[in-house]
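What the sequence shown shows, in the numbering used here, is residues 13 to 516, in sequence order. For glycine and all other residues, C-beta sits at the position ideal for the given N, C-alpha and C. Working notes for the structure below.
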Amino acid sequence: MPPLRIAYARVNQETNCFCPVPTTLEDFERTHFLTGDALHRACAPGGFEVPGMFRRVELAGFRAAVDEARDVEAVPVLSAWAVASGPLDRPCFDTLVARLRDGLRAAGRLDGVYLALHGAMGVEGLRDPEARLIEAAAEAAGAPVMVTHDLHANLTEARVRAALAVISYKTNPHRDHFARGRQAGRVLIRALRGEVRPVTAWRSLPMYLGGGTTLDVLPPMLAVYARLHLEEGRGRALAASVNMCHPFNDDPGLGWSTCVTTDGDPDGAERLADALAEMCWQRRHAMPPTFATASEAIAEARGARLARRLGAVVLADASDVVTAGASGENTALIDALLREAPTLRSYVPLRDPATVEVCWPRACGETLDVVLGGRLDPAHSRPLPVRARLLHKRENPGFRRTVVLAVEGVHVVVTEGPAVTIKPDFFTQAGLDPWKADVLVVKNFFPFRLFFAPLARKTIYVKTHGATDFDAAARITFDGPMHPRDAVADWRPADARRRGRPLA
Ligand SMILES: [Zn+2]
Numbered sequence: 013m014p015p016l017r018i019a020y021a022r023v024n025q026e027t028n029c030f031c032p033v034p035t036t037l038e039d040f041e042r043t044h045f046l047t048g049d050a051l052h053r054a055c056a057p058g059g060f061e062v063p064g065m066f067r068r069v070e071l072a073g074f075r076a077a078v079d080e081a082r083d084v085e086a087v088p089v090l091s092a093w094a095v096a097s098g099p100l101d102r103p104c105f106d107t108l109v110a111r112l113r114d115g116l117r118a119a120g121r122l123d124g125v126y127l128a129l130h131g132a133m134g135v136e137g138l139r140d141p142e143a144r145l146i147e148a149a150a151e152a153a154g155a156p157v158m159v160t161h162d163l164h165a166n167l168t169e170a171r172v173r174a175a176l177a178v179i180s181y182k183t184n185p186h187r188d189h190f191a192r193g194r195q196a197g198r199v200l201i202r203a204l205r206g207e208v209r210p211v212t213a214w215r216s217l218p219m220y221l222g223g224g225t226t227l228d229v230l231p232p233m234l235a236v237y238a239r240l241h242l243e244e245g246r247g248r249a250l251a252a253s254v255n256m257c258h259p260f261n262d263d264p265g266l267g268w269s270t271c272v273t274t275d276g277d278p279d280g281a282e283r284l285a286d287a288l289a290e291m292c293w294q295r296r297h298a299m300p301p302t303f304a305t306a307s308e309a310i311a312e313a314r315g316a317r318l319a320r321r322l323g324a325v326v327l328a329d330a331s332d333v334v335t336a337g338a339s340g341e342n343t344a345l346i347d348a349l350l351r352e353a354p355t356l357r358s359y360v361p362l363r364d365p366a367t368v369e370v371c372w373p374r375a376c377g378e379t380l381d382v383v384l385g386g387r388l389d390p391a392h393s394r395p396l397p398v399r400a401r402l403l404h405k406r407e408n409p410g411f412r413r414t415v416v417l418a419v420e421g422v423h424v425v426v427t428e429g430p431a432v433t434i435k436p437d438f439f440t441q442a443g444l445d446p447w448k449a450d451v452l453v454v455k456n457f458f459p460f461r462l463f464f465a466p467l468a469r470k471t472i473y474v475k476t477h478g479a480t481d482f483d484a485a486a487r488i489t490f491d492g493p494m495h496p497r498d499a500v501a502d503w504r505p506a507d508a509r510r511r512g513r514p515l516a
């Protein structure tokens, strides 16, 4: 028997339909784009899979599954990753599909393909782009395609049909990318050898919010994830997943979903997918926490003297979360700090390439009049005129040219590219010492808490109105009533319609 040849590839971007900044091919190529041998080295033990972001994630996990099996060859095709933002423009998506297809065709005889996809990607004027990627890969390779998704994926019937199986992360915040890639590799190899016969069932729920904080380590979602592990651990499922969807995708069929793959047991897959859907539906009324207004948060930060002396108060701008696709241009917190706490030493990130352009030729120490924001995302960013002192100018590979502007104690870290403020070194790289700050602003939902733990004496989530407000999805046109925007008595009619099956 010749060795199995399995190609592997990634196309990953999480799209926020409320962000008007389109995602272009340049965004992928600047952030992460690897092919062939460079990709193979990056995913090998000791490699750095997504430089600057993730050391060992899905593709390294898949490589580990191949390495532990005998007589399997892993064939690198491409890995493309862009920071969450607005929808991909058509030329970008069409080029990515073409490169995937060309890479697979050039790979010669293939027995299977592993595709790591986010699952919540959007493309201008195109519905369900990830189904197109899976279909293109299956057609070009002439072989089954195994897929992994982020747990915020929006699953569809077309994907379930086109893929051998779809496996999603089981952690939130996500930390099992490697394990899911390895699981996908193991199931795929066993399936290609005829050792297992994957059959999949899924359910779609007309629900875009629920599950409380949705963290896997806390109720009410803890029990759901425990059930997934139990079913896989006991061998009743090759893979069991729950997808909590990205509530900023404007797909009419948006919603939570469950997906179960068993070894040749269609009834078992149906029963478990159904039971998991019921578990999720029972948790639909547990809403995410409500957040402070900018004024409330600033008043609390002013009052937290001890916290500020021992470290800093961290304000998470929950309406402008760059890692969930917001532009990063929201000026509301800067405006509030200037009015209500100008003497506190605060550091605030702002993505504003036009202001960087204006400041770059000027000398540090100069005072200049600039208008912050109001250009990339005018619906969520009010233009804010300020007279500021230019403190620092830096070039950074991730967010490119960066300038620091100070108005009294308010320090605005203005970046050219999207600023992912997950770690305090974002401020250090801009020339600011985070230990000297009273207030640090981040634009991230959760992972920052881990990295800011040493200096965050208090963390406050703030709602400033923007592209990542939890209730933003109420503006989307759906295919029917959707919880929590509408009263929905039963999830089954929407599920039956979305899966193209008559209501039982
Ligand atoms: Zn996610």
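Here His297 is exposed, its C-beta having fewer than 16 other C-beta atoms within 10 Å.
Inter-segment contact for the segment 71-85 and the segment 103-117 is absent: fewer than three beta-carbon pairs are separated by less than 8 Å. Residues lining ligand 1 by the Cβ criterion, that is a Cβ closer than 5 Å to any of its heavy atoms, are Asp162, His164 in chain order.
Taking a C-beta distance under 9 Å as the contact criterion, Ala479 and Asp491 do not qualify as a contact pair.
Exclusion of the five residues before and after Ile310 leaves Ala348, Leu349, Glu352, Ala353 as the residues of its chain whose Cβ lies within less than 7 Å of its Cβ.
Fully enclosed beta strand (DSSP E) runs of no fewer than 3 residues occupy 44-47 of the segment 40-69, in order along the chain. Under the criterion of beta carbons closer than 8 Å, Gln25 and His130 qualify as touching, at roughly 6 Å. When C-alpha distances from Pro14 are compared across Arg121, Pro436, Leu71, Arg53, the shortest belongs to Arg121. The beta-carbon distance between Ala328 and Val474, rounded to whole angstroms, is 7 Å. This is short enough to meet the 8 Å contact definition.
Looking at the DSSP output, Trp214 sits in a beta bridge with Cys271. Thr343 and Ala86 have their C-alpha atoms some 47 Å from each other. Of the residues assessed, Pro218 falls on the buried side of the cut-off, its CB having 16 or more other CB atoms within 10 angstroms. Beta-bridge partners of Glu85 (DSSP): Arg17.
Judged by DSSP secondary structure, Leu403 falls within the beta strand (DSSP E) whose first and last residues are 396-408. Here DSSP, grouped into helix, strand and coil, assigns Thr440 to helix.
For His130, the secondary structure class from DSSP, reduced to helix, strand or coil, is coil. In the structure shown, the three-state DSSP call for Val415 is strand. Assigned with DSSP and collapsed to three states, Gly124 falls in strand. Shortest Cα-Cα distance from Ser253 to any of Pro264, Asp188, Gly265 involves Asp188. Put simply, of Ala72, Ala213, Thr226 the residue whose alpha carbon is nearest the alpha carbon of Ala191 is Ala72. For Phe45 and Tyr181, the gap between their C-alpha atoms comes out near 22 Å. Here the alpha carbon of Leu176 sits roughly 20 Å from the alpha carbon of Met133. With contacts defined as CB atoms closer than 9 Å, Ala152 and Arg113 qualify as a contacting pair.
Taking Pro446 as the centre and dropping the five residues before and after it, the same chain places the C-beta of Ala324, Tyr359, Pro436, Phe439, Thr440, Leu452, Leu467 closer than 8 Å to its C-beta, in chain order.
If you compare the alpha carbons of Glu282, Leu288, Val23 with that of Leu242, the shortest gap goes to Leu288. Annotation: Asp364 to Thr433 spans about 15 Å, alpha carbon to alpha carbon.
Closest by C-alpha distance to Thr226, out of Asn255, Gly247, Thr270, Thr43, is Asn255. Fewer than three beta-carbon pairs drawn from the segment 43-59 and the segment 277-286 are found closer than 8 Å, and the two stretches are therefore not classed as touching.
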